[in-house]
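Taking the numbering used here, the leading residue of the sequence shown gets 71, the next gets one more, and so forth.
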Amino acid sequence: MSDYLVIVESPAKAKTIEKYLGKKYKVKASMGHVRDLPKSQMGVDVEHNFEPKYITIRGKGPVLKEIKTAAKKAKKIFLAADPDREGEAIAWHLAHSLDIDIHSDCRVVFNEITKDAIKESFKHPRAINMNLVDAQQARRVLDRLVGYNISPLLWKKVKKGLSAGRVQSVALRLIIDRENEINAFKPEEYWTLGAEFKKGSEAFHANYYGLNGKKTEIHSEQEVKELLQKLKEGSGYKVTRVVKKERKRNPSPSFTTSSLQQEAARKLNYRAKKTMMLAQQLYEGIDLGKKEGTVGLITYMRTDSTRISQTAQNESNEYIVSEYGSDYAKKSSGTEKKQGNAQDAHEAIRPTSVLRTPQSMKEYLSRDQLRLYKLIWERFVASQMSSAIMDTLSVDIVNGDVMFRATGSKVKFPGFMKVYVEGKDDEKEEKDNWLPELVEGDLIEEHQLDPKQHFTQPPPRFTEARLVKTLEELGIGRPSTYAPTLDTIQKRGYVSLDNKRFVPTELGTIVHEIMNEFFPDIINAEFTASMEHSLDEVEEGNKQWISIIDDFYKDFESHLTKAEEEMEKIEIKPEYAGEDCEECGHPMVFKMGRYGKFMACSNFPDCRNTKAIVKEIGVKCPTCHEGNIIERKSKKKRIFYGCDRFPECEFLSWDKPIERKCPKCEQLLVEKKLKKGVQVQCTSCDYKEEVQS
């Protein structure tokens, strides 16, 4: 018989914690929630203060029975679900099921699964925080009122299987608004004039700045010709101004949930869902062999705080001094500034011990786990290091009234950059670019002028990382909601991914138009953000959750009544594929499935013939010279290219073949995707073309 029963959420966590606590403790896993609102009905009593109707989740009966049996044998029960609103709600549901007094010291929370952290947390048990429970309950009821009222309308008026949620509707609106911006965008012509100069044998680059010391833009080829004529008639190039400066570059703070998802997308090419799955594994525990056993390698991964504990700061400071020297250690241990809409409930995401370096963890982690752990470890260590110091140089060069400006920079002291530099969206990495020694009055030689025509570009479509960042900046959703939201709008067929960027589908546009007409508040970013703020107020004990739901429901109910009366049935016409079914002769149509578009017979359900969509790229197979190259997808949804005569012809390529032949050897040319664009390369010789961004 165990003296104490501890209930956590996952079996992996249970195994780790039981080892730390010793023989007197038995640790069981609830496998997440044991009670929830029923799936078959709304489960919220609108007439009686929105009282939720909770039931035991189907399939959880045996789990709950096992926990109850263990509870009868224990002197005391501790509820140790995750340290957030949802974890508090899980603990509350367990307390109800096990008849535990919620005011007793039954709740234990910890931010990391390490021996010291676990033992310390059990010294300070507390009562269940009903403010946290009510905030989570309010979110659950709110989402149920929206989803279970609007979704049936969409099923009836559009098609089955659709849904509408608060956060997903705003995310869809952002994607559609961006697409509308792109479609309405009118490109404008502009020119740049680059110059290669020489001082002695040293060459350097400068760009046209303006006329008579004022910054001006070049709008047409005629203006370029006039500038070139002025330079031709000028008296030569002279350095008129040299400015040397020293500037500091500060490290980025340790990861929050959203910044981790953004950086993992940029640097590791991970989707938000994959990032959170791997982070969960690193948090719950990795078996490090006999010496340490199973240990949680990172702190809790659902957080909007950049705060770091003093203990972690001290340990990292000692490591940095011993590994890199005292100059690299952060001079002040000031706390990170709290973001305006951050709950700041617990620390930033960091390694539980900086001494567990990525290299020392290599043998215990999968490749994907190691890459994410390395990212988290490096970001944390860099955040505790001193600023980098950059030498910058700006030089103005004048010929008549035409001015060029050259800028250069180099790292004087790397500081945190020795370990890690934050990635950027669609921006070039900063590199050393130093200029020759120049002084005012120097006469320099023009080597080459390079005028180029450009056109302004529309705003880019949202990547997952950019959308998460935008949602966070607008105060929409919370750390735990980003990945599920992005997953939902794709599963519903509201958006598709094109080159890792979101594109709204016809179905997504239809649903958005309906929401915009009948439920404008639901897709309003400001309204949704204010609702998130209200939930925070509930958590802080400043508002009652029922009053927030009541205020929302008064307006929502009137919109719902109007929608039920006025919403017209929308028929989504089939999109014909342009070919007939080979089994019954009826036209084939395009359908949207959970894995994307496919072709199906329009005579369904009498004929169930389906076909994958074959996308030809207009290139003959270089191996058999008979088939055509088509775009295909691997099991992991990665695009590759192969011959349509497969398996007779086994030609395969991860890079996209192009129609032209290599000018050097007449072999196949392919488009190679690089971080900064696409480069055409030969598959047989060393021929390469300039990278196109």
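Even glycine gets a Cβ: it sits at the ideal position worked out from N, Cα and C.
Residue i to residue j span [Cα, whole Å]
i	j	result
V365	Y552	27 Å
Y443	L367	8 Å
R248	D606	29 Å
E182	K703	39 Å
R531	L242	12 Å
T373	R214	24 Å
K193	V313	60 Å
D186	G547	33 Å
P108	V116	15 Å
V97	P321	40 Å
G157	I245	31 Å
I170	G129	23 Å
K632	I593	17 Å
L463	K318	14 Å
S723	R715	14 Å
D414	S550	With a pLDDT of 45 at D414, under the threshold of 50, the modelled position of that residue is not reliable, and no figure is offered here.
R449	M585	41 Å
K539	V309	43 Å
D756	C654	51 Å
E686	E741	16 Å
A682	D568	18 Å
Identity of the residue in the options nearest residue i by Cα
i	options	result
L537	K570, T381, K488 and L513	K570
T86	N384, E121 and G355	G355
C651	N119, K731, R678 and E635	R678
V133	K123, I170, H656 and S80	S80
G485	E583, D512, S456 and L513	S456
P675	V689, M658 and V684	M658
L744	K488, K337 and G470	K337
R261	E492, I619, S290 and G283	The sequence as given places Trp at residue 261; Arg does not occur at that position. Taking only the C-alpha atoms, the option nearest W261 is S290.
K229	Y124, C752, L164 and K643	K643
R599	D625, D620, E542 and I125	The amino acid at residue 599 is misidentified as Arg; the sequence shows Ala. If we check each option's Cα against that of A599, E542 comes out closest.
S672	K685, G688 and G648	G648
K488	V451, T558 and I378	V451
D620	L91, K93, K89 and N119	N119
K639	H173, A208 and L223	L223
G363	E316, R311 and Y434	Y434
G283	L544, M347 and I467	I467
G113	D557, R236 and Q207	Q207
F180	N219, M460 and L149	L149
Endpoints, the beta strand (DSSP E) within which residue i is located
i	result
L513	L513 to F525
G478	V472 to F483
T427	Where T427 is concerned, there is no enclosing beta strand (DSSP E), given that its DSSP letter is neither H nor E.
V573	R571 to P574
R319	Y307 to R319
E686	K685 to K690
Y552	Where Y552 is concerned, there is no enclosing beta strand (DSSP E), although the alpha helix (DSSP H) it sits in stretches over Y552 to K561.
A458	A458 to N469
I700	N698 to K703
Y711	I709 to C713
Sequence-distant residues of its chain with Cβ nearer than 7 Å to residue i (five each side left out)
i	result
C847	Any answer about residue 847 is impossible in this case: the structure gives the chain only from 71 up to 763.
F764	Past the edges of the chain, shown from 71 to 763, lies residue 764, and the structure says nothing about it.
T184	V365, G366 and T422
E393	none
T680	F668, M669 and A670
heavy atom of the ligand MN below 8 Å from residue i C-beta
i	result
P727	Annotation note on the ligand MN: not contained in the displayed structure, which lists no ligands.
Chain B contact for residue i (CB, 9 Å cutoff)
i	result
I683	Absent from the structure is chain B; it holds one protein chain and no more.
Neighbourhood of residue i by C-beta distance below 8 Å, restricted to the same chain and skipping five residues each side
i	result
A764	Outside the shown range of the chain (71 to 763) lies residue 764, about which nothing can therefore be said.
E610	N201
Terminal residues of the alpha helix (DSSP H) in which residue i lies
i	result
L541	E534 to L544
D756	First-last for D756: undefined, no H or E at that position.
M601	A595 to E609
L435	Unbroken run through L435: none, as it is neither H nor E.
D568	It is not in any alpha helix (DSSP H) - D568 instead sits in the beta strand (DSSP E) that spans V565 to D568.
I188	K185 to S191
6 Å Cβ shell around residue i - same chain, five flanking residues per side excluded
i	result
Y646	P657 and V659
G264	N277 and D520
G410	The predicted position of G410 is uncertain, since its pLDDT is 47 and thus under 50; no value can be drawn from it.
G270	none
| query | Which runs of the alpha helix (DSSP H) fall wholly inside the segment 212-294 and span at least 4 residues, in chain order? | reply | Listed in chain order, they are 236-254.
### Query
Could you give the uninterrupted runs of the beta strand (DSSP E) lying entirely in the segment 75-115, keeping only those of 3 residues or more?
Runs of the beta strand (DSSP E) inside the segment 75-115: 95-99.
- Identify every run of the beta strand (DSSP E) within the segment 724-754, keeping only runs that are complete inside it and at least 3 residues long; order them along the chain. As far as the segment 724-754 is concerned, its whole beta strand (DSSP E) runs of at least 3 residues are 726-731, 738-744 and 747-752.
Problem - Secondary structure, beta strand (DSSP E): runs of 3+ residues fully inside the segment 618-647 - result: For secondary structure counted as the beta strand (DSSP E) over 3 or more consecutive residues, the segment 618-647 holds no complete run.
Starting from the N-terminal side, write out each stretch of the alpha helix (DSSP H) that is 4 residues or longer and does not extend beyond the segment 132-178.
Secondary structure within the segment 132-178: the alpha helix (DSSP H) runs of 4 or more consecutive residues, fully enclosed, are 155-167 (chain order).
inquiry  = Give the list of continuous alpha helix (DSSP H) stretches no shorter than 4 residues that lie fully inside the segment 328-406.
reply    = Here the runs fully enclosed are 342-354 and 380-394.
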